[in-house]
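As numbered in our numbering, residues 53 to 247 make up the sequence shown, in order.
C-beta atoms are modelled at their ideal positions from N, C-alpha and C, and glycine is treated no differently.
Just so you know, these numbers come straight off a predicted model, no measurement behind them.
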Amino acid sequence: MRHLRWLLLSLALTLLLAGCPPASSLAPSPTATPVPSPTPAPPSTPLTGPLYELFVEPEDARAPVLSALADARETLRIVMYLITDPEIIQALKDAAARGVEVRLLLELNPYGGSSQNALVANDLKEAGVVVRWDPRTIRYLHQKTIIVDEAYALIMTGNFTTSAFTANREYIVRTRHPEDVSEIIATFEADWARQ
53 MRHLRWLLLS
63 LALTLLLAGC
73 PPASSLAPSP
83 TATPVPSPTP
93 APPSTPLTGP
103 LYELFVEPED
113 ARAPVLSALA
123 DARETLRIVM
133 YLITDPEIIQ
143 ALKDAAARGV
153 EVRLLLELNP
163 YGGSSQNALV
173 ANDLKEAGVV
183 VRWDPRTIRY
193 LHQKTIIVDE
203 AYALIMTGNF
213 TTSAFTANRE
223 YIVRTRHPED
233 VSEIIATFEA
243 DWARQ
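In structure tokens form, the structure reads like this:
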């Protein structure tokens, strides 16, 4: 929990900073000492790379999300406020088609009354994605996360909308820290179970 709080605080502080460089300039140098990967992890999704990575939108576009969806071999747990981007929708269908258990928790009543989530949810259900609506114990399900095979998670400021990837200033943090991933999984499972 302490690591998740640190991560969320870091993300909030990062959002306040202007002019952050794109993720490609944040990569460690080839001569840097690699950060040891946390263990254990499912063998299907290897844990390589730094514990935390920052991606900046719109410069990094859909790449971090599409990569995460393609990495999944067993499970994807996703929480999203809005979903309209055709490439992301297709990647979710592709994951389900290759046998990945895809569970998506969506906001039922996005601000402004859009019914787009309901239309997309029906389309995804037909493709084998399991969709549930947010637990009504909270006002808005504004969280945006992806958990890949219990190995890593993406924490995002943007929705699965075209503008989030092509026009908006958004951030994505990928964490491989076991405590962070466990906390995000626990929150997902509680919301999924409507607790």
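Quick check on this structure: which residue in Ala-245, Ile-130, Pro-102, Val-200 has the alpha carbon closest to the alpha carbon of Val-181? Ile-130
Separation of Val-154 from Leu-144, as counted between CA atoms: 7 Å
Going by beta-carbon coordinates alone, are Ile-199 and Ile-224 separated by less than 7 Å? no
Spell out the partners DSSP gives Phe-107 in its beta bridges. Ile-224
Leaving out five residues before and five after His-194 in sequence, what residues of the same chain have Cβ atoms less than 7 Å from its Cβ? Tyr-133
Here's the rule: buried if 16 or more other CB atoms are within 10 angstroms of the residue's CB, otherwise exposed. What is Ile-135? buried
Residues bridged to Glu-153 [DSSP beta-bridge criterion]: Thr-127
Going by DSSP in three states, Leu-144 sits in which element: helix, strand or coil? helix
Residue closest to Thr-197, alpha-carbon to alpha-carbon, out of Asn-220, Ser-234, Thr-218, Asp-175: Ser-234
Give the DSSP-derived three-state secondary structure of Thr-218 in the structure shown. helix
How far does the beta strand (DSSP E) with Thr-197 in it reach, from first residue to last? 197-200
How would you call Asp-232, buried or exposed, if buried means at least 16 neighbouring beta carbons within 10 angstroms? buried
Check whether the stretch 199-210 touches the stretch 103-121, counting contact only when three or more Cβ pairs, one atom from each stretch, lie closer than 8 Å. yes
Among the residues of its own chain, which have a CB less than 7 Å from the CB of Trp-244, if the five just before and after it don't count? Arg-155, Leu-157, Arg-184
Local Cβ density within 10 Å of Phe-212, reported as buried at 16 or more and exposed below that: buried
His-229 and Leu-103 closer than 7 Å at C-beta: yes
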